[in-house]
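K.L.:
Take this structure first; my questions come after.
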Ligand code: SF4
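Numbering (the working numbering), first residue to last: 6 to 58.
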């Protein structure tokens, strides 16, 4: 999988994570709690998939 140099990420346990970058072709980020987010803590990457253990 190729790193997407435009998407830096530190979620080590995601299938798409590699060396501090995301390898997904595209990602989707949503409001975490259904209503509009007030800061980045209230957003969530819904493309995240846990690595197979
Ligand atoms: S899919 Fe989301 S959580 Fe996973 S590596 Fe990409 S940006 Fe990070």
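Built from N, CA and C at the ideal position, the CB exists for glycine as well.
#1: Please go through the same chain and pick out, in chain order, the residues whose beta-carbon is closer than 6 Å to the beta-carbon of residue 6, but skip the five residues on each side of it.
#2: Determine the burial state of residue 38: buried for a count of at least 16 other Cβ atoms within 10 Å of its Cβ, exposed for fewer.
#3: Leaving aside the five residues before and after residue 54 along the sequence, list all residues of the same chain whose C-beta is less than 6 Å from its C-beta, in chain order.
#4: Identify whether residue 24 lies in helix, strand or coil by the three-state DSSP scheme.
#5: Please name the residue in 25, 17, 18 and 12 whose C-alpha comes closest to that of residue 33.
P.N.:
In terms of the structure at hand:
#1: Within the same chain, residue 6 has close Cβ partners 28.
#2: Classification of residue 38: exposed, given that the 10 Å Cβ count is below 16.
#3: Cβ-Cβ distances below 6 Å link residue 54 to 20 in the same chain, with the five nearest sequence neighbours on each side left out; the list follows chain order.
#4: Note: residue 24 maps to coil in three-state DSSP.
#5: That would be 12, whose Cα lies nearest to the Cα of residue 33.
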